[in-house]
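Structure first, commentary second.
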Amino acid sequence: MRSRLYETAGRNGISVVKKMKSLLIEIGSEEIPARFVPKGLELLKADLTKFFDESSISYGTISEYATPRRLALLIDVAEKQEDRTISSTGPSKKAAYDKDGNPTKAATGFARSLGIDVSELTIRETDKGDYVSATVEKKGSPTIDVLSEELPKIISSLKLPKSMRWGDSSLRYFRPIQWILATLDNKVIPFELNGIKSGDVSYGHRFLSPKAVKIKESGSYLSLLKKNHVIADCNERKNMISKGIKEIESLAGCRAIEDEELLETVTNLVEHPTPVLGNFEDKYLSLPKELLITVMRSHQKYFAMEDAEGNMASSFIAISNMNTAINDTVKRGSERVLRARLEDARFYFIDDQKNKLWDLIEELKNVTFQEKLGSVYDKAERISSLSAHIADRLNPALKEKAQRASMLCKADLVTGAVGEFPELQGYMGMTYANISGEESDVATAINEHYMPRFAGDSLPSEEIGTIVSLSDKLDNIASFFYLDMIPSGSEDPFALRRQAAGIIHILRTTGYPDSLNSLIEASLKGLETSEEKRTELTNCILRFFAQRLEGILILEGHSYDVVNAVLSTLVLNLKDIEQRISIISELKNNPTFPAMVVAAKRVYNILQEDQDS
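So the sequence shown is numbered by this note's numbering: it starts at 7 and just counts up by one.
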């Protein structure tokens with residue numbers, strides 16, 4: 007049994023050291039989708055610790071455990087709540103007492119709710135007038151009693167990103183709850199939730215050890231589950247997978263393609279991870295590398311493999327949820343399923359090549375971009391027009407190629423491969439463009455026009471890609487602002503903030519000579535609107551970019567007041583902005599700067615008065 011010490015106030019204010027109790031909570035359920043396992047654990051921990059803070063229950067070390075079938079916390083907590091002095095404000099004096107000073111029902115009800123006599127109420131002056139109040143000394147209750155009442159509420163009120171109801175209950179959770187383990191120093195915390203009684207029982211692996219596992223002592227939780235083929239510690243499972251992959255790499259003579267996101271996913275897909283080496287026919291190696299990787303990664307959650315030169319190998323690593331005794335069975339099953347997926351990908355890849363990429367552009371007329379903004383074909387034309395404008399300023403010699411890449415950049419959306427694997431849009435367009443005989447820089451631009459896809463991502467490597475990337479992102483922002491689909495709060499469904507940051511990053515890197523103002527005005531020309539509305543949209547989008555730029559510049563260490571002053575003009579020439587920030591920052595550090603500001607204000611005021619008269 008693990009126990010900790012904590013200090014609490016004793017009699018006469020003298021600190022008393024007491025032992026902490028070991029709280030173990032496990033919510034067992036049907037398999038939770040892998041992407042929700044970390045979030046579920048985070049929410050459970052946050053809500054429970056918030057409750058402890060609000061309830062004056064001291065707590066210490068927190069250990070977190072999770073698998074697809076369970077979320078668990080092991081926490082050191084105090085044996086009882088701290089004694090508290092609670093001040094409460096009730097009804098106004100006018101409502102609490104009649105004209106003769108006798109307490110009304112409002113006063114007696116307030117006193118009753120606090121467990122005190124009405125004579126113990128006092129009057130407190132506030133900004134809003136006189137109110138009845140009371141100060142109550144509340145003795146702390148045993149933690150086990152508090153948790154018995156509150157744990158069902160905490161579990162049922164979890165704000166989960168995705169949840170479901172089952173049966174006739176209103177309870178919502180990721181998947182149907184099967185059991186609840188809740189103990190405090192090995193004593194069951196008694197409660198019932200949705201017909202499920204809490205207990206001291208967990209369950210082993212669904213197939214390898216599906217029996218009940220009695221947890222007599224919280225300190226043996228991990229070891230008992232491990233004996234029953236459940237590795238409850240996420241980090242331990244992750245390390246087991248990484249170690250198993252390395253062992254397979256040395257045996258196979260090739261290496262798994264690193265993929266931290268996939269590693270996190272498979273860690274939360276299994277309870278007893280066993281990496282298994284599989285193979286597929288060499289004929290599938292003729293498929294584009296990213297297509298092969300995506301088939302294995304997205305559909306099957308397999309790790310693709312490559313040789314020392316970076317060429318694809320006809321091998322993969324699957325992560326089984328079983329033990330090594332059935333590795334051959336798992337290997338054959340994994341190979342069979344992957345073969346079917348690869349055959350589908352091969353079919354799409356061959357079928358898509360029946361038409362040249364340019365010939366697919368016409369089909370974009372049948373794909374809606376936004377209801378009020380027409381088809382993807384219409385969008386491609388707007389991108390092309392904007393690319394011509396940008397090319398004229400950056401490199402007029404690339405204008406024709408930039409426009410061709412703009413018309414082609416969305417053509418792969420109507421291909422079978424992208425229909426099956428949307429994450430490959432751009433890459434498949436580049437692949438088919440090369441096969442169709444397009445010039446290499448045009449083909450590269452089709453893939454790179456999505457860059458940067460996220461913070462820290464690479465920028466387009468060539469000018470044509472840079473031009474088309476700017477045009478596409480500017481059109482997206484202009485289009486959604488035109489439709490009044492503007493990001494607010496944490497909501498940004500069309501990733502406009504990310505795209506604005508990408509535009510700023512590209513413009514700062516390329517040293518684009520014109521201001522964002524001219525680019526925004528050019529992007530709005532492709533949208534049917536009045537001159538007045540266009541001016542309003544321009545200013546709205548400029549403020550949006552100014553906010554993004556302000557955050558970036560302050561993060562780089564520039565002073566808020568200097569950045570704010572420079573951006574207040576909404577003339578967003580990025581090169582000029584950086585120069586102005588540098589000059590003003592230098593001036594600001596000059597001892598004569600305050601006097602210069604006073605003089606400038608006087609001149610400004612005189613000019614204003616002269617203008618008014």
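Heads up, the beta-carbon is just placed ideally off N, CA and C, and yes, glycines get one too.
Since the structure is predicted, the reported quantities are computational estimates derived from the model, not experimental observations.
Secondary structure note for Asp82: it is in no alpha helix (DSSP H), and the uninterrupted beta strand (DSSP E) holding it is 76-83. Taking Val301 as reference, the option from Val568, Ser321, Leu344 with the minimal CA-CA separation is Leu344. Comparing C-alpha distances from Lys203 to each of Ser154, Glu267, Thr91, Asn245 shows the shortest one belongs to Ser154.
Taking C-beta separations shorter than 7 Å and ignoring five residues to either side along the sequence, the partners of Asp53 in its chain run Ile160, Leu164, following chain order. Beyond the five residues adjoining it in sequence on each side, Met457 comes within less than 8 Å, by CB distance, of Asp463, Ser464, Leu465, Pro466, Gly471, Ser475, Gly508 in the same chain, given in chain order. Thr55 is positioned such that its CB atom lies closer than 9 Å to that of Tyr65. Between Ile356 and Met311, the C-beta spacing is not below 9 Å.
Here Gly96 carries a strand assignment [DSSP, helix/strand/coil].
Non-local beta-carbon contacts of Arg171 in its own chain, meaning distances under 8 Å to residues more than five positions away in sequence, involve Leu177, Arg178 in chain order.
Its Cα nearest to that of Pro39, the residue Thr273 stands out among Tyr438, Asp288, Ser391, Thr273. About 19 Å separates the beta carbon of Lys337 from that of Met318, a gap too long to meet the 8 Å contact definition. Judged by their CB atoms, Ser175 and Asn200 are nearer to each other than the 9 Å cut-off.
Counting the other Cβ atoms within 10 Å of the Cβ of Ser208 gives 16 or more, which makes it buried. For Ser320, the enclosing beta strand (DSSP E) begins and ends at 318-326.
Nearest in C-alpha terms to Gly432, of all of Ala417, Val219, Glu444, is Ala417. Segment contact: the stretch 406-425 against the stretch 362-373, three or more CB-CB distances shorter than 8 Å; contact assigned.
Two segments are said to touch when three or more pairs of C-beta atoms, one from each, lie closer than 8 Å; by this definition the stretch 278-288 touches the stretch 319-329. For Gly422, the enclosing alpha helix (DSSP H) stretches over residues 422-426. For Asp358, the three-state secondary structure derived from DSSP is helix. In this structure, the CA atom of Phe353 is about 22 Å from the CA atom of Asn453.
Distance from the Cα of Lys594 is smallest, within the candidate group Phe309, His564, Asn611, for His564. Residues of the same chain with their beta carbon placed closer than 6 Å to that of Asp490 are lacking, with the five preceding and five following residues left out of the count. The three-state reading of DSSP puts Ala351 in helix, counting H, G and I together. Going by C-alpha positions, Glu469 is about 24 Å away from Ile558. Counted as a single uninterrupted DSSP element, the stretch harbouring Ser494 is not any beta strand (DSSP E), since DSSP gives it neither H nor E. Secondary structure of Met457 (DSSP, three-state): coil. In the three-state reduction of the DSSP assignment, Val236 falls in the coil class. According to the DSSP assignment, Thr515 belongs to the alpha helix (DSSP H) that extends over 502-516. Of the other Cβ atoms in all chains shown, fewer than 16 fall within 10 Å of the Cβ of Asp334; this residue is therefore exposed. In this structure the stretch 127-142 lies against the stretch 91-105, because at least three pairs of beta carbons, one per stretch, are closer than 8 Å. Leu257 sits exposed, since fewer than 16 C-beta atoms from the chains shown fall within 10 Å of its C-beta.
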